[in-house]
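>
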Amino acid sequence: MGQTSTRHGSAPDLHVSLGPLHLVNPVLTASGTFGYGLEFSDFVDLSRLGAIVVKGISLKPRPGNPPPRLAETPCGMINAIGLENVGVEHFISDKLPLLRQRGAVIIVNILGNTVEEYAELARVLSEVSGIAALEINISCPNVKKGGMAFGTHPHMAAKVVGAVRACTTLPLITKLSPNVTSIAEIARAVVDAGSDILSCINTVSAMAVDPFSRRPKLANIVGGLSGPAIKPIALRCVYETVQAVSCPVIGIGGIRTALDALEFLVVGASAVQVGTANLVHPRASLDILEGIERFCRHQGIGAITDYIGTLDTACRFPFADEVCGVEPLAREPM
Numbered sequence: 404m405g406q407t408s409t410r411h412g413s414a415p416d417l418h419v420s421l422g423p424l425h426l427v428n429p430v431l432t433a434s435g436t437f438g439y440g441l442e443f444s445d446f447v448d449l450s451r452l453g454a455i456v457v458k459g460i461s462l463k464p465r466p467g468n469p470p471p472r473l474a475e476t477p478c479g480m481i482n483a484i485g486l487e488n489v490g491v492e493h494f495i496s497d498k499l500p501l502l503r504q505r506g507a508v509i510i511v512n513i514l515g516n517t518v519e520e521y522a523e524l525a526r527v528l529s530e531v532s533g534i535a536a537l538e539i540n541i542s543c544p545n546v547k548k549g550g551m552a553f554g555t556h557p558h559m560a561a562k563v564v565g566a567v568r569a570c571t572t573l574p575l576i577t578k579l580s581p582n583v584t585s586i587a588e589i590a591r592a593v594v595d596a597g598s599d600i601l602s603c604i605n606t607v608s609a610m611a612v613d614p615f616s617r618r619p620k621l622a623n624i625v626g627g628l629s630g631p632a633i634k635p636i637a638l639r640c641v642y643e644t645v646q647a648v649s650c651p652v653i654g655i656g657g658i659r660t661a662l663d664a665l666e667f668l669v670v671g672a673s674a675v676q677v678g679t680a681n682l683v684h685p686r687a688s689l690d691i692l693e694g695i696e697r698f699c700r701h702q703g704i705g706a707i708t709d710y711i712g713t714l715d716t717a718c719r720f721p722f723a724d725e726v727c728g729v730e731p732l733a734r735e736p737m
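Mapping the sequence shown onto the working numbering, position 5 (from 1) lands on 408, and the numbers just tick up by one.
1) Just reading off the alpha helix (DSSP H) that I495 is part of, what are its end residues?
2) Between which two residues does the beta strand (DSSP E) containing V652 stretch?
3) What span of residues does the alpha helix (DSSP H) with A560 cover, start to end?
4) How long is the line joining the alpha carbons of A592 and A560, rounded to whole angstroms?
5) Rounded to a whole number of angstroms, what is the C-alpha to C-alpha distance between D445 and R451?
6) Could you spell out the range, first to last residue, of the beta strand (DSSP E) harbouring C603?
7) Using CA atoms only, rank isn't needed, just tell me which of T644, S496 and P464 is closest to S532.
8) Could you tell me the alpha carbon to alpha carbon distance between C699 and I586, rounded to whole angstroms?
9) Would you say N428 faces chain C, with C-beta separation under 9 Å as the test?
10) By a C-beta neighbour count over all protein chains shown, 10 Å radius and 16 as the cutoff for buried, is K463 buried or exposed?
11) With 16 as the cutoff for other CB atoms within 10 Å, does P471 come out buried or exposed?
12) Is the beta carbon of I653 closer than 9 Å to that of V670?
13) Report all residues from its chain with a CB closer than 7 Å to the CB of T436; omit the five preceding and five following residues, and keep chain order.
14) Return the residue from the list T584, S673 and G626 that minimises the CA-CA distance to V607.
15) Give the straight-line distance between the Cα atoms of K620 and F443, rounded to the nearest whole angstrom.
16) Quick check: what's the CA-CA separation for P500 versus N512?
17) To which residues of the same chain is E519 closer than 8 Å at the C-beta, ignoring the five residues directly before and after it?
18) Are the beta-carbon atoms of G453 and C650 separated by less than 9 Å?
19) So, for M737: in the same chain, excluding its five sequence neighbours on each side, which residues have a beta-carbon less than 7 Å away from its beta-carbon?
20) Please indicate yes or no: does the CB of A674 lie closer than 8 Å to some heavy atom of the ligand HEM?
21) By how many angstroms is the C-alpha of G459 removed from the C-alpha of A552?
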């Protein structure tokens, strides 16, 4: 932990470096849960966040899946939106300039049905200013391979990342899927192919049905589960990924409070993305950021980097405050 107490002193240093990507703090928003950022600008000062990851962008506009596309579940929701978006040309002409005006650090999530589409997106987006990094969504189906998701096979995942790497000098984040046998194997493959950073996890494959009508609750039948229900899965995936690779990792999955975010940071994530919580509480990302700062002050942590990756796996006690007599912090949003 940091040597300089911040409990009654200056604000803690929340700056983080994720390889070539340098951010003022470790709190980002997750793609698909924050729109293009502009939808939340009445509630959140976008310039205060570490970065926003915009809704996934494809070469051409996509209408997404037919409704119903959302189903609420205990401690979360299942979505089958189908990657609906305005397409890269409209994003560059209409969305990006407004985001730049608001001082946001912009990360663009990209998606495609072929390796060539990913590469072309990277080339196009690299020619405009104001983009800090690209996040590669490798959970899209590879139509040339019968719909298999790129991210479920190390070779195909690496092929996408390698093609994108050849077309851009922007920092690359690869978003990993939990729907695999070994997330560590996929992680190593995409890092070897040129990914600078990893983000994990994407949603967990799931479904919901109505026992009365005997029908699925989603028109797509299967969708992606997100929200607090997947946090333990996401935390395990982040921990395994951090152990497998030397590059920075961004933790995603069920983060609702500052304490949730801190769990990801202590197991080794260099930053976090807030997802489904944005849909419940539009200011969730800012509340989490402010909660992390309060935690650092309370614990005397001078810099968040002194806290990242400090998990003590030999410890068998659930909470330090229960054995050390430290004033307990609220377990609800900080």
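Glycine is no exception: its CB is placed at the ideal position from the N, C-alpha and C atoms.
Short version:
1) For I495, no alpha helix (DSSP H) encloses it, and the DSSP letter there is neither H nor E.
2) Residues V652 to I655.
3) In this chain, the alpha helix (DSSP H) harbouring A560 covers P557 to R568.
4) Between A592 and A560, the C-alpha separation is close to 7 Å.
5) Rounded to whole angstroms, the separation of the alpha carbons of R451 and D445 is 13 Å.
6) Per DSSP, C603 belongs to the beta strand (DSSP E) from I600 to C603.
7) For the residues T644, S496 and P464, the minimum Cα distance to S532 belongs to S496.
8) Separation of C699 and I586 (C-alpha to C-alpha, rounded to the nearest whole angstrom) is 31 Å.
9) As a matter of chain content, chain C is missing from the structure shown, which is built from one protein chain.
10) Exposed, since its Cβ has fewer than 16 Cβ neighbours within 10 Å.
11) Under the 10 Å beta carbon count, P471 is surrounded by fewer than 16 other beta carbons and is classified as exposed.
12) Not in contact: V670 and I653 (Cβ atoms no closer than 9 Å).
13) Counting only Cβ-Cβ distances below 7 Å, and skipping sequence neighbours, we find G678, T679, N681 and L682.
14) Check the Cα spacing between V607 and each of T584, S673 and G626: the tightest is with G626.
15) Taking the straight line from one Cα to the other gives about 28 Å.
16) Whole-angstrom Cα-Cα distance: 17 Å.
17) Cβ within range, chain order: A566.
18) Taking 9 Å as the Cβ cut-off, G453 and C650 do not qualify as a contacting pair.
19) With a pLDDT of 48 at M737, under the threshold of 50, the modelled position of that residue is not reliable, and the figure given next carries that caveat. Spatial neighbours of M737 in its own chain (CB-CB distance under 7 Å, excluding positions within 5 residues in sequence) are listed in chain order as T660, A661, L662, G694, R697 and F698.
20) Absence of the ligand HEM is noted for the structure shown, with no ligands found whatsoever.
21) Roughly 16 Å between the two C-alpha positions.
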